[in-house]
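Residue 757 in the numbering used here sits at position 496 of the sequence shown, and the numbers go up by one each step.
Have a look at the structure below before the remarks.
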Amino acid sequence: METKINKFKESLLDKDTLSVTWELVPGRGAHEKAQEEAIEYAEQAAKGGRVHALTLTDMPGGNPAIAAESLAAEIVKLGIEPLVHFTCKDKNRNQIEGLLYALDRAEARNLLIMTGDYVYTGYTGRPKPVFDLDPMHVLSLVNEMNDGLEYKGMRGTIKHKPSDFFAGAVSSPFKKTEAEQMAQYYKLKMKVASGAQFIISQIGFDARKIHELIHFIKSNGWDIPVVGNIYVLSYGTAKLMNNNKIPGCVVTDKMLKELEEESKAPDKGKAARMLRAAKMYALFKGIGYAGVQIGGHGIKYEDVEYIIDKGEELSKDWMSLIPEFNYPIPDGFYYYEKDEKTGLNIDKFTERKGRPLDTKVELVYPLSTFTHALMLEPGTPLWGPMKFVCKNIEGTKLEKAFHFVEHMAKTALYDCKDCGDCALPDVGYVCPMSQCPKNQRNGACGGSYDGWCEVYPGKKKCAYVRAYSRLKKKGHEHELDHDVNTPLNYDTYQHSSWINMYLGRDHNAAKYGVERIEKKK
Numbered sequence: 262m263e264t265k266i267n268k269f270k271e272s273l274l275d276k277d278t279l280s281v282t283w284e285l286v287p288g289r290g291a292h293e294k295a296q297e298e299a300i301e302y303a304e305q306a307a308k309g310g311r312v313h314a315l316t317l318t319d320m321p322g323g324n325p326a327i328a329a330e331s332l333a334a335e336i337v338k339l340g341i342e343p344l345v346h347f348t349c350k351d352k353n354r355n356q357i358e359g360l361l362y363a364l365d366r367a368e369a370r371n372l373l374i375m376t377g378d379y380v381y382t383g384y385t386g387r388p389k390p391v392f393d394l395d396p397m398h399v400l401s402l403v404n405e406m407n408d409g410l411e412y413k414g415m416r417g418t419i420k421h422k423p424s425d426f427f428a429g430a431v432s433s434p435f436k437k438t439e440a441e442q443m444a445q446y447y448k449l450k451m452k453v454a455s456g457a458q459f460i461i462s463q464i465g466f467d468a469r470k471i472h473e474l475i476h477f478i479k480s481n482g483w484d485i486p487v488v489g490n491i492y493v494l495s496y497g498t499a500k501l502m503n504n505n506k507i508p509g510c511v512v513t514d515k516m517l518k519e520l521e522e523e524s525k526a527p528d529k530g531k532a533a534r535m536l537r538a539a540k541m542y543a544l545f546k547g548i549g550y551a552g553v554q555i556g557g558h559g560i561k562y563e564d565v566e567y568i569i570d571k572g573e574e575l576s577k578d579w580m581s582l583i584p585e586f587n588y589p590i591p592d593g594f595y596y597y598e599k600d601e602k603t604g605l606n607i608d609k610f611t612e613r614k615g616r617p618l619d620t621k622v623e624l625v626y627p628l629s630t631f632t633h634a635l636m637l638e639p640g641t642p643l644w645g646p647m648k649f650v651c652k653n654i655e656g657t658k659l660e661k662a663f664h665f666v667e668h669m670a671k672t673a674l675y676d677c678k679d680c681g682d683c684a685l686p687d688v689g690y691v692c693p694m695s696q697c698p699k700n701q702r703n704g705a706c707g708g709s710y711d712g713w714c715e716v717y718p719g720k721k722k723c724a725y726v727r728a729y730s731r732l733k734k735k736g737h738e739h740e741l742d743h744d745v746n747t748p749l750n751y752d753t754y755q756h757s758s759w760i761n762m763y764l765g766r767d768h769n770a771a772k773y774g775v776e777r778i779e780k781k782k
């Protein structure tokens with residue numbers, strides 16, 4: 262099959278082009294106004310030729326909506342590239358693989374892979390969240406599909422024809438606390454290592470933070486395009502973002518006051534917000550972003566053209582716009598020190614040593630590290646005896662009692678969910694299966710705010726904020742900057758994680774070089 266040119270990919274990789282995507286939110290239903298408008302806008306964008314791809318959201322806010330994959334197939338036929346938001350919140354790994362096959366068959370090749378907002382509402386109540394894979398796992402799967410996915414069949418290895426996906430990921434530089442921001446950047450490293458081909462920023466309006474993300478990417482030596490997020494911000498939406506009702510999006514009190522004043526104009530602030538969006542276009546282009554994503558409630562195609570045209574006009578003097586995007590979060594953390602001349606950043610890290618911890622360290626942590634040093638790693642005093650015990654009790658009547666004692670102890674200390682492949686050492690002895698509602702075993706999602714979990718704001722700190730504080734107290738925060746852990750294999754569920762660990766059957770086996778001992782038959 263002949264591969265067609267991917268115009269979005271071409272535009273994003275072309276150093277002389279600022280790629281433009283326009284975000285459409287198709288909404289709930291199949292033949293309702295929102296879906297018909299989405300197709301109408303797609304037709305206009307295809308004819309207009311100014312937009313390189315149309316972004317299709319995947320049930321934003323955790324609410325039901327038409328599948329982005331369905332509309333993507335229609336949009337391909339209109340002659341314009343779709344960029345499909347592909348989230349992990351409500352799909353297990355088999356459904357993820359199946360949807361990728363469907364997208365490949367429809368020639369919808371551009372993917373933005375995300376954790377996704379926590380599920381909020383649905384038919385007769387809140388749905389069950391899934392979060393079986395995380396973005397790094399999906400990126401790895403996509404890369405394997407691009408190479409021709411291989412798996413074992415009844416008559417040997419089966420290899421599929423290669424797909425042609427162009428997959429990216431999201432990162433947020435707009436975090437308030439050191440722990441949140443460092444967790445974002447540690448995870449960004451994993452996303453790039455897993456094959457992300459481009460990065461899109463979260464929504465935020467602080468020029469220094471906008472510069473921080475691209476500076477971080479360049480300082481790591483990655484030649485990877487970055488897309489800036491332009492949200493045409495109304496006062497109503499700004500109030501929601503300011504109150505943390507749209508996870509991951511940041512609007513400060515200072516900015517909200519300005520928008521309130523703008524909303525008093527006869528046009529309710531439309532001219533002001535359109536001009537602000539055009540200025541952001543110019544700012545992103547000047548700072549060195551490879552593209553922009555334009556979104557916002559009620560945006561029409563002519564609005565997108567205005568933002569592009571006005572943005573190009575303003576980009577000639579983009580540095581003069583930096584002071585207009587001076588919206589720092591009070592007491593917020595910056596990864597780099599400030600450039601007092603430009604208002605952006607210099608190539609010098611903010612000194613993190615000696616900064617106060619973002620949350621307290623509970624007594625359970627030193628107890629956990631003591632136990633770890635005693636028996637939970639090859640070479641520790643009790644590793645050999647514990648391995649001997651596990652090898653000899655498996656399959657006997659003692660195994661059930663052994664598992665019960667282990668599970669009760671870990672439940673009391675960590676609210677253990679008995680997954681059988683323990684990730685406690687990877688997350689500062691904060692259990693990601695019980696303390697993170699999204700079960701993130703490789704790093705924080707982008708939904709936290711001021712250190713609080715997206716799902717339990719003001720009640721529970723983000724698991725990775727807690728982990729970072731624990732590790733930083735000992736000078737070990739870099740331990741969160743690790744290789745990607747494999748997804749949980751549910752063959753281990755409700756089995757002893759200690760037996761699986763000592764006998765080389767969990768994700769730690771490769772890390773520690775533990776030889777696998779098969780179960781007794």
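For glycine and all other residues, C-beta sits at the position ideal for the given N, C-alpha and C.
For residue i, which of the options has the nearest alpha-carbon?
i: tyrosine 302; options: Met320, Asn481, Leu332 and Gly323; result: Leu332
i: phenylalanine 665; options: Gln554, Gln755, Gly530 and Ala430; result: Gln755
i: glycine 604; options: Ala440, Arg469, Lys780 and Arg387; result: Arg469
i: tyrosine 379; options: Met397, Ile485, Leu402 and Asp351; result: Asp351
i: lysine 780; options: Arg766, Gly774 and Lys772; result: Arg766
i: alanine 428; options: Lys448, Gly414, Lys436 and Ile460; result: Ile460
i: valine 493; options: Pro486, Ala539 and Pro388; result: Ala539
i: leucine 273; options: Arg289, Gly489 and Gly530; result: Gly489
i: leucine 317; options: Thr264, Ile374 and Val391; result: Ile374
i: arginine 727; options: His743, Asn750, Asp687 and Thr753; result: Asp687
i: lysine 614; options: Tyr626, His739, Lys720 and Ala533; result: His739
i: isoleucine 590; options: Phe392, Glu522 and Thr438; result: Thr438
i: serine 462; options: Gln445, Ser455, Ala454 and Met451; result: Gln445
i: methionine 647; options: Asp744, Leu400, Leu764 and Gly556; result: Leu764
i: glutamate 441; options: Ala295, Lys733 and Ala771; result: Lys733
i: serine 433; options: Gly707, Ala532, Glu601 and Ile341; result: Gly707
i: glycine 704; options: Glu330, Ala363, Lys389 and Leu741; result: Leu741
i: isoleucine 507; options: Met669, Gln356, Tyr729 and Gly377; result: Gly377
i: aspartate 365; options: Asp514, Phe631, Thr672 and Asn267; result: Asn267
i: alanine 670; options: Leu643, Thr632 and Val553; result: Thr632
i: glutamine 554; options: Val431, Tyr729, Phe435 and Met636; result: Val431
i: lysine 571; options: Gly482, Tyr381 and Ala532; result: Ala532
Beta-carbon within less than 8 Å of residue i's beta-carbon, same chain only, minus the 5 sequence neighbours each way: which residues are those?
i: glutamate 660; result: Ile654, Ser757 and Ile760
i: glycine 383; result: Asn324 and Pro325
i: threonine 611; result: Phe594, Tyr595, Tyr596, Tyr597 and Glu598
i: glutamine 296; result: Pro287, Gly288, Gly290, Ile327 and Leu332
i: serine 576; result: Tyr542, Ala543, Lys546 and Gly547
So, for residue i: in the same chain, excluding its five sequence neighbours on each side, which residues have a beta-carbon less than 6 Å away from its beta-carbon?
i: methionine 694; result: Lys678, Cys680 and Asn700
i: serine 629; result: Tyr690
i: alanine 499; result: Val512, Leu517 and Leu520
i: histidine 421; result: Gly409 and Leu410
i: tyrosine 626; result: Tyr690 and Arg731
i: aspartate 425; result: Thr264 and Arg370
Please report the Cβ distance between residue i and residue j, rounded to the nearest whole angstrom; I am assuming they are in contact, meaning their Cβ atoms lie under 8 Å.
i: leucine 344; j: threonine 282; result: 6 Å
i: phenylalanine 269; j: alanine 314; result: 4 Å
i: leucine 361; j: methionine 320; result: At roughly 17 Å, the Cβ-Cβ gap does not stay under 8 Å, so leucine 361 and methionine 320 are not in contact.
i: serine 495; j: glycine 465; result: The Cβ separation is near 16 Å, so there is no contact.
i: methionine 541; j: tyrosine 567; result: In fact, because the Cβ distance is near 13 Å, the residues do not count as touching under 8 Å.
i: aspartate 682; j: threonine 753; result: 5 Å
Excluding the 5 residues flanking residue i on each side, which residues of the same chain have their C-beta closer than 7 Å to its C-beta?
i: alanine 684; result: Pro693, Arg702 and Asn746
i: leucine 339; result: Ala303, Glu304 and Ala307
i: alanine 770; result: Arg777
How about residue i: is its Cβ closer than 6 Å to a heavy atom in the ligand MN?
i: asparagine 505; result: Judged by which ligands are present, the structure shown has none, so any question about the ligand MN falls away.
(message) Would you call the region 581-590 in contact with the region 520-529, where contact means no fewer than 3 C-beta pairs closer than 8 Å?
(response) no
(request) Spell out a yes or no on whether the region 294-312 and the region 547-567 are touching, meaning 3 or more CB-CB pairs, one atom from each, closer than 8 Å. (result) yes
(request) Could you name each continuous alpha helix (DSSP H) segment of 4 residues or more that falls completely within the region 728-779, going from the start of the chain to the end? (result) 758-763 and 769-773
(message) Could you tell me which whole beta strand (DSSP E) segments of length 3 or greater appear in the region 409-458?
(response) 411-414, 417-420 and 427-432
(message) Does the structure place the region 544-551 close enough to the region 472-480 that three or more beta carbon pairs sit under 8 Å?
(response) yes
(message) Which complete beta strand (DSSP E) runs does the region 302-338 hold, if anything under 3 residues is left out?
(response) 314-317
(request) Kindly provide the ranges of any alpha helix (DSSP H) runs that are 4 or more residues long and lie completely inside the region 607-679, ordered along the chain. (result) 625-636, 644-654 and 659-675
(request) Please go through the region 492-576 and give each complete alpha helix (DSSP H) segment of 4 or more residues, from N-terminal end onward. (result) 496-503, 514-523, 531-548 and 562-575
(request) Take every Cβ of the region 392-402, pair it with every Cβ of the region 450-460, and state whether three or more of those distances are shorter than 8 Å. (result) yes
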